[in-house]
Amino acid sequence: MAALVRAANKPQLGASLLPVGILAVVAMMVLPLPLVLLDVFFVFNILLSLLVLMVALYSYRPLDFSSFPSVLLIATVLRLALNVASTRIVLTDGHTGSGAAGRVIEAFGNFVIAGNFAVGIVVFLILVIINLVVITKGAGRVSEVSARFTLDAMPGKQMAIDADLNAGLMTPEQARARRAEVGEEADFYGAMDGASKFVKGDAIAGILILLANILGGIIIGTSQHGLSFGSAAETYVLLSIGDGLVAQIPSLLLSIATAIIVTRVASTQDMAGHIGAQIGLHRAWVPVAAVMGIMGMIPGMPNGLFLLFALAAAVVAWITRDKGETGATAKPAGGPAVRPNALPAPGAASGGASDTRSDADDSNAITAEDVTDYAPITIQIGFGLIPLIEESAGGALVPRITSIRREVSKAMGFVIPGVRIRDDMGLPTNTYRIRIRQAVVAEDAAYPDRKLALPGGSTIRKLRGIEVKDPSFGLDAVWIQPHQQTEAEADDYVVVEPASVIATHLSQMLYAHAADLIGADDVQGLLDNLERVAPTLVESVVPKLVPLHVLTAVLRGLLIERMPIADLPRILEDLAGMSGRVSDPQDMAETLRRALAPQLLQQIAPLKESLHLITLSSALEELLVRSVHGSAGLIVDDGLTRQILTQLNAAEESVIAKGSQPVVVVSAQLRRPFAAFLRAHGVTSIVLAVSELPDNRKVEIAASIGAQLPPAPDDRESGQ
1 MAALVRAANK
11 PQLGASLLPV
21 GILAVVAMMV
31 LPLPLVLLDV
41 FFVFNILLSL
51 LVLMVALYSY
61 RPLDFSSFPS
71 VLLIATVLRL
81 ALNVASTRIV
91 LTDGHTGSGA
101 AGRVIEAFGN
111 FVIAGNFAVG
121 IVVFLILVII
131 NLVVITKGAG
141 RVSEVSARFT
151 LDAMPGKQMA
161 IDADLNAGLM
171 TPEQARARRA
181 EVGEEADFYG
191 AMDGASKFVK
201 GDAIAGILIL
211 LANILGGIII
221 GTSQHGLSFG
231 SAAETYVLLS
241 IGDGLVAQIP
251 SLLLSIATAI
261 IVTRVASTQD
271 MAGHIGAQIG
281 LHRAWVPVAA
291 VMGIMGMIPG
301 MPNGLFLLFA
311 LAAAVVAWIT
321 RDKGETGATA
331 KPAGGPAVRP
341 NALPAPGAAS
351 GGASDTRSDA
361 DDSNAITAED
371 VTDYAPITIQ
381 IGFGLIPLIE
391 ESAGGALVPR
401 ITSIRREVSK
411 AMGFVIPGVR
421 IRDDMGLPTN
431 TYRIRIRQAV
441 VAEDAAYPDR
451 KLALPGGSTI
461 RKLRGIEVKD
471 PSFGLDAVWI
481 QPHQQTEAEA
491 DDYVVVEPAS
501 VIATHLSQML
511 YAHAADLIGA
521 DDVQGLLDNL
531 ERVAPTLVES
541 VVPKLVPLHV
551 LTAVLRGLLI
561 ERMPIADLPR
571 ILEDLAGMSG
581 RVSDPQDMAE
591 TLRRALAPQL
601 LQQIAPLKES
611 LHLITLSSAL
621 EELLVRSVHG
631 SAGLIVDDGL
641 TRQILTQLNA
651 AEESVIAKGS
661 QPVVVVSAQL
671 RRPFAAFLRA
681 HGVTSIVLAV
691 SELPDNRKVE
701 IAASIGAQLP
711 PAPDDRESGQ
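Okay, here's the thing in structure tokens:
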């Protein structure tokens with residue numbers, strides 16, 4: 001045993017012994033095995049199963065035993081190899097008596113089942129039922145669910161790590177370690193989902209091997225060795241049951257270890273400490289002691305036993321009296337207890353001198369988890385919108401959001417993080433709120449029992465319903481009853497489901513705030529992916545010519561104005577050409593726009609369709625050019641600002657109502673300050689310079705802004 005422990009502590013020796021051991025196990029299935037070695041391996045199998053069970057019990061979290069799936073596979077193969085070896089010996093020499101298959105099988109046949117094969121069959125079947133129907137089936141289901149939820153939660157965990165890294169709460173080394181842990185956790189639960197099938201298959205194989213031993217032994221004993229049917233049945237059934245129990249007991253131990261591992265919750269304590277800390281609840285043990293005491297006084301009951309256990313429960317209640325309510329909710333590792341909905345002690349607010357504790361010492365102390373939410377995208381919904389996310393109620397919001405994420409990710413060129421949906425009882429019933437990081441970027445209302453109707457170009461009648469503005473594009477719309485849909489569609493209304501309304505609104509916010517959703521780690525992920533096909537390009541540009549933080553700022557500058565970054569090779573090549581000439585990330589992004597503009601326009605309108613442009617009158621454009629003041633940007637008085645925004649909004653509504661998406665086109669020198677001016681006023685219009693329009697695209701002037709605005713003041717007049 002000491003040699004085994006020393007070998008386990010030497011990785012190189014263990015690495016060389018493991019392949020030899022696997023080959024030996026396989027050889028056991030083919031080559032005859034001496035009885036002495038068979039006994040040794042049976043005892044070793046029991047030792048291995050007990051060791052695995054103890055390690056599972058003393059693990060603080062599942063990943064502490066991340067090699068468990070591999071150990072389970074090896075132990076299962078070892079047990080099956082022993083079954084094959086023992087079957088060969090039982091069928092070959094079983095006619096010689098109960099000791100033909102070794103002392104271990106004989107001991108289990110004589111001691112455990114007292115030499116009665118009928119009792120042995122019943123015991124064996126009970127063990128198989130417990131193993132297969134109860135433990136293995138439950139552990140398999142838990143493994144399957146854990147694997148699915150762990151994989152679904154991976155993007156959110158990765159985003160939380162990125163958020164902590166960007167906020168400076170951890171170092172890059174710590175972030176890499178946590179990412180590796182997240183990946184290891186997903187691999188572990190995925191492997192456990194498959195490993196649980198080994199346990200189930202092993203239990204079924206035990207039954208089949210038992211039947212094969214019994215039937216084969218009876219046939220061989222009667223036909224080849226001249227035994228009577230009764231004598232052959234007694235001999236071979238006894239040996240087969242002993243063989244089955246020797247294998248089934250370790251199998252049961254491994255099944256229990258599997259169930260413990262997959263149901264284990266990460267903690268700073270082992271399983272015994274974890275359970276003991278949570279069941280040591282004084283208020284739970286007091287009624288238990290009282291009920292047991294009452295049952296102990298009922299005539300006809302085993303009063304002594306019930307009173308003895310009532311006394312034991314009372315002792316536990318006395319020992320745990322100081323824990324109060326903290327037993328079930330105490331934080332591990334000696335952290336302060338948390339009592340939900342706990343109230344301050346009487347007089348706590350009156351300034352009494354008897355209690356000088358601060359709120360940090362109280363059970364209601366505020367923790368970092370209470371005030372932080374690292375979800376990059378969150379949709380908060382009121383109570384009335386919950387049916388939209390319930391599968392049982394036919395809610396279509398979740399699949400629609402998944403589709404929107406995929407669509408926006410393809411359009412923008414990077415993976416949009418997962419969307420967290422949570423109900424918020426503080427919101428009005430039918431209200432939803434969209435948050436990007438910690439900022440609320442949109443809020444509106446939807447009605448799950450209605451549909452949103454948007455008028456078309458030839459709409460005549462006005463529908464009855466709740467009149468609103470479409471949250472995505474600001475068009476006039478009305479929430480109608482479902483039975484009005486046929487009437488609305490006949491009058492050229494476009495009828496939209498409430499889930500689609502929220503999802504479309506979300507897509508607009510994702511496009512508008514894409515720059516807030518990408519960080520240095522996301523950019524590094526894009527570079528790692530590109531490095532597989534263009535390693536020289538990545539290595540020569542980042543970080544030699546363009547540091548990672550500068551590249552991140554450049555990509556954010558492009559995404560702010562919805563410019564896609566999918567063509568990362570082109571971006572890196574152009575940035576390499578700017579090296580030494582342009583240093584400001586915003587200037588770099590502005591220079592890159594002309595090469596990337598065709599990709600943006602492809603998303604707005606197909607190549608063969610015309611682009612619908614909104615232009616500025618020459619007088620307005622001249623006035624705005626004069627109003628640009630360096631780094632301060634475009635400075636315009638309030639009256640002119642209102643007129644520009646009003647005319648722009650009307651022009652865009654007109655184009656959108658015709659089923660097209662407008663593009664605002666200005667001169668190159670005005671493009672950047674005018675786009676910043678619109679963003680500052682909450683307008684997400686796409687603004688291009690005339691020079692950014694490709695020569696191969698057909699254009700159509702949909703509207704011109706500024707025709708009714710006052711002419712630009714003359715320089716001489718302004719100087720008087």
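Numbering-wise (full-length UniProt numbering), the sequence shown opens with residue 1 and increments by one. Each residue gets a CB set at the ideal place from its N, CA and C atoms; glycine is no exception.
Closest to Met578 by CA distance: which of Leu601, Ile22, Leu551 is it?
Here the question's residue 578 lines up with position 578 in the sequence shown. Closest option to Met578, Cα to Cα, is Leu551.
Looking only at its chain, what residues have a beta carbon closer than 7 Å to the beta carbon of Ala445, apart from the 5 residues adjacent to it on each side?
Start at 1 with the first residue of the sequence shown, and residue 445 comes out as number 445. Cβ within range, chain order: Asn430, Thr431.
By the three-class DSSP mapping on this structure, what secondary structure does Glu653 have?
Position 653 of the sequence shown, counted from the first residue, corresponds to residue 653. In this structure, Glu653 counts as helix in the three-state DSSP scheme.
Taking Gln380 as part of the alpha helix (DSSP H), name the residues at either end of that continuous run.
Counting from one through the sequence shown, the residue named residue 380 turns up at place 380. Taken as a continuous stretch (DSSP letters only), Gln380 belongs to no alpha helix (DSSP H), being part of the beta strand (DSSP E) at 377 to 381.
In the DSSP assignment, find the alpha helix (DSSP H) that holds Leu463 and state where it starts and stops.
As a working note, residue 463 is residue 463 in the sequence shown. It is not in any alpha helix (DSSP H) - Leu463 carries neither H nor E in the DSSP assignment.
What is the C-beta distance between Ile705 and Pro662, in whole angstroms, given that I count them as a contact (C-beta under 8 Å)?
For the purposes of this step, residue 705 is taken as the residue at position 705 of the sequence shown. For the purposes of this step, residue 662 is taken as the residue at position 662 of the sequence shown. At roughly 11 Å, the Cβ-Cβ gap does not stay under 8 Å, so Ile705 and Pro662 are not in contact.
Which residues in the same chain as Met425 place their Cβ atom closer than 7 Å to its Cβ, once the five residues preceding and following it in sequence are excluded?
One-based indexing of the sequence shown puts residue 425 at position 425. If we look at Met425 and ignore the five residues flanking it on each side, its Cβ neighbours are Phe383.
Indicate whether Val128 and Ala203 have their beta-carbon atoms separated by less than 7 Å.
Position 128 of the sequence shown, counted from the start, is the residue given in the question as residue 128. Position 203 of the sequence shown, counted from the start, is the residue given in the question as residue 203. Cβ atoms of Val128 and Ala203: closer than 7 Å.
Going by beta-carbon coordinates alone, are Ile207 and Tyr236 separated by less than 7 Å?
Position 207 of the sequence shown, counting from 1, holds the residue named residue 207. Position 236 of the sequence shown, counting from 1, holds the residue named residue 236. Taking 7 Å as the Cβ cut-off, Ile207 and Tyr236 do not qualify as a contacting pair.
Leaving aside the five residues before and after Leu537 along the sequence, list all residues of the same chain whose C-beta is less than 8 Å from its C-beta, in chain order.
By one-based count along the sequence shown, residue 537 stands at place 537. Taken in chain order, the residues that qualify are Leu530, Pro569, Leu572, Glu573.
Could you give the distance in angstroms between the alpha-carbon of Tyr189 and the alpha-carbon of Ile130?
Translated into positions along the sequence shown, residue 189 becomes position 189. Translated into positions along the sequence shown, residue 130 becomes position 130. C-alpha separation (whole angstroms): 24 Å.
What did DSSP end up calling Thr486 once you bin it into helix, strand or coil?
For this step, residue 486 is matched to residue 486 along the sequence shown. Note: Thr486 maps to helix in three-state DSSP.
Which residue's Cα is closest to the Cα of Gly580: Leu596, Val546, Met563, Gly557?
In the sequence shown, counting from the first residue as 1, residue 580 sits at position 580. Minimum Cα distance to Gly580 is reached at Val546.
Beta-carbon within less than 6 Å of Phe41's beta-carbon, same chain only, minus the 5 sequence neighbours each way: which residues are those?
Locating residue 41 in the sequence shown gives position 41, where the first residue counts as 1. Once the five neighbours on either side are set aside, the close Cβ partners of Phe41 are Leu82.
Nearest CA to the CA of residue 743: which residue from Val145, Val408, Glu185, Val52?
The question about residue 743 has no answer here: the residues shown for the chain are numbered 1 through 720.
Which term fits Thr92, buried or exposed, when burial requires 16 or more other beta carbons within 10 angstroms of its beta carbon?
Within the sequence shown, numbered from 1, the residue matching residue 92 stands at position 92. Exposed, because fewer than 16 other Cβ atoms sit within 10 Å of the Cβ of Thr92.
Whose CA, out of Val665, Leu526, Glu561, Gly519, lies closest to the CA of Ala553?
Locating residue 553 in the sequence shown gives position 553, counting from the first residue. Nearest C-alpha to Ala553: Gly519.
In chain order, which beta strand (DSSP E) runs of at least 3 residues are fully inside the region 181 to 246?
Runs of the beta strand (DSSP E) inside the region 181 to 246: none found.
Quick one: what's got a C-beta closer than 7 Å to Asp715's C-beta in the same chain, skipping five residues either side?
Reading the sequence shown from its first residue, position 715 is the one you call residue 715. Per-residue confidence for Asp715 stands at a pLDDT of 44, beneath the threshold of 50, marking its modelled position as unreliable; no derived number is given.
Could you give the distance in angstroms between the alpha-carbon of Asp638 and the alpha-carbon of His681?
In the sequence shown, counting from the first residue as 1, residue 638 sits at position 638. In the sequence shown, counting from the first residue as 1, residue 681 sits at position 681. Their backbone Cα atoms lie some 11 Å apart in a straight line.
Identify whether Ser704 lies in helix, strand or coil by the three-state DSSP scheme.
Within the sequence shown, the letter at position 704 stands for residue 704. In the structure shown, Ser704 sits in a strand (DSSP, three-state: E or B).
Alpha carbon to alpha carbon, what distance is there between Val77 and Val90?
On the sequence shown, position 90 is the one that residue 90 refers to. On the sequence shown, position 77 is the one that residue 77 refers to. The straight-line gap from Cα to Cα measures roughly 20 Å.
With DSSP collapsed to three states, give me the class of His612.
In the sequence shown, the residue the question calls residue 612 occupies position 612. Here His612 sits in strand by DSSP.
What number of angstroms, rounded off, separates the C-alpha of Glu181 from the C-alpha of Val636?
Position 181 of the sequence shown, counted from the start, is the residue given in the question as residue 181. Position 636 of the sequence shown, counted from the start, is the residue given in the question as residue 636. Those two C-alpha atoms are separated by around 53 Å.
For the beta strand (DSSP E) that contains Tyr432, what are its first and last residues?
On the sequence shown, residue 432 is found 432 positions in, with the first residue counted as 1. Unbroken beta strand (DSSP E) run through Tyr432: 431 to 436.
Suppose the cutoff is 6 Å on Cβ atoms and the five residues either side in sequence are ignored; what does the same chain contact list for Glu652 look like?
Here the question's residue 652 lines up with position 652 in the sequence shown. Taken in chain order, the residues that qualify are Pro662.
Just mark Trp479 as buried or exposed, buried being the case when its beta carbon has 16 or more other beta carbons within 10 Å.
Taking the sequence shown and counting its residues from 1, one reaches residue 479 at position 479. Trp479 should be labelled buried.
State yes or no: is the C-beta of Gly296 within less than 7 Å of the C-beta of Leu281?
Counting from 1 along the sequence shown, the entry for residue 296 is found at position 296. Counting from 1 along the sequence shown, the entry for residue 281 is found at position 281. Result no, Cβ atoms of Gly296 and Leu281 do not sit closer than 7 Å.
Does DSSP put Pro694 in a helix, a strand or coil?
Numbered from 1 along the sequence shown, position 694 holds the residue referred to as residue 694. If DSSP states are grouped into helix, strand and coil, Pro694 belongs with coil.
Per DSSP, which one or two residues make a beta bridge with Asp476?
Here the question's residue 476 lines up with position 476 in the sequence shown. According to DSSP, Asp476 bridges with Lys469.
Using the Cβ count rule (16 or more neighbours within 10 Å means buried), how would you classify Glu390?
Translated into positions along the sequence shown, residue 390 becomes position 390. So Glu390 ends up on the exposed side.
Can you look up Pro673 in the DSSP assignment and give me helix, strand or coil?
For the purposes of this step, residue 673 is identified with residue 673 of the sequence shown, where counting begins at 1. Note: Pro673 maps to helix in three-state DSSP.
Just reading off the alpha helix (DSSP H) that Arg594 is part of, what are its end residues?
What you label residue 594 is simply residue 594 of the sequence shown in a count that begins at 1. Run containing Arg594: 585 to 604, per the alpha helix (DSSP H) assignment.
Between Ala632 and Ser667, which are expected to be in contact by the criterion C-beta below 8 Å, what is the C-beta distance as a whole number of angstroms?
Here residue 632 refers to the residue found at position 632 when the sequence shown is read from its first residue. Here residue 667 refers to the residue found at position 667 when the sequence shown is read from its first residue. So it is not a contact: roughly 19 Å between Cβ atoms.
Under the DSSP definition of a beta bridge, which residues are partnered with Lys451?
Within the sequence shown, numbered from 1, the residue matching residue 451 stands at position 451. For Lys451, which the question treats as bridged, DSSP gives the partners Ile480.
Measuring alpha carbon to alpha carbon, tell me which residue in Gly156, Arg283, Ile298, Asn303 is nearest Ala314.
Walking along the sequence shown from the start, residue 314 turns up at place 314. Nearest of Gly156, Arg283, Ile298, Asn303 to Ala314, Cα basis: Arg283.
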